[in-house]
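Numbering (this note's numbering), first residue to last: 853 to 1014.
Where a beta carbon is used, it is the ideal one built from N, C-alpha and C, also for glycine.
What you are looking at is a predicted structure, and each value in this text was computed from that prediction instead of being measured.
First the structure, in the form of structure tokens, and then the observations on it.
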């Protein structure tokens, strides 16, 4: 997997799935409609301002609450390339990996607008704005393959083509 680089969007502790995508929007089958409301409880203009490749940095317990798969799907569809948080709800973490959205458990120093570079294979996160470097546990090859293939289902299908 190539390095992930993008602008930081910083969020607080305990961002739950209803904050990521409110339940009232779950009736749509359009990913564009769903993504247009992502994180609006925290920043009503987030979906308009976020750029493809941007990175979310958050505190403890990101993705807590319900097991709705639409939360990581909406974040990925709007262009978020990775999420770094001090901890994740287990189901959110698994749902994110299943759709090919990298989630990294780490305590990093970053502010909104900083530029971060993430190297999952070598276990390094660099805040290019501050120059601070953070070591993380490198992702193993199996996880990298799932992410590189776009998620668990695509990984399975690719593995069974051969």
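State the beta-bridge partners of residue i as determined by DSSP.
i, result
"residue 968", "858, 979"
"residue 940", "914"
"residue 956", "936"
"residue 986", "977"
Buried or exposed for residue i, going by 16 or more other Cβ atoms inside 10 Å?
i, result
"residue 919", "exposed"
"residue 875", "exposed"
"residue 865", "exposed"
"residue 999", "buried"
"residue 1003", "buried"
"residue 966", "buried"
"residue 972", "buried"
Which whole-angstrom value describes the C-beta separation of residue i and residue j, a residue pair presumed to lie in contact below a C-beta threshold of 8 Å?
i, j, result
"residue 870", "residue 917", "6 Å"
"residue 962", "residue 926", "Residue 962 to residue 926, Cβ: 22 Å. No contact."
> Can we say the stretch 857-875 touches the stretch 904-915, given the rule of at least three CB pairs closer than 8 Å?
Replying inline: The stretch 857-875 is in contact with the stretch 904-915.
> Just checking, does the stretch 950-960 make contact with the stretch 928-940 on the three C-beta pairs under 8 Å criterion?
Replying inline: Yes, the stretch 950-960 touches the stretch 928-940.
> At what residue ranges does the stretch 862-937 contain a whole run of the beta strand (DSSP E), taking only runs of 3 or more?
Replying inline: Runs found: 907-910, 934-937.
>> Three Cβ pairs or more, each shorter than 8 Å: is that satisfied between the stretch 935-950 and the stretch 893-904?
In response: Result no; under three Cβ-Cβ pairs closer than 8 Å.
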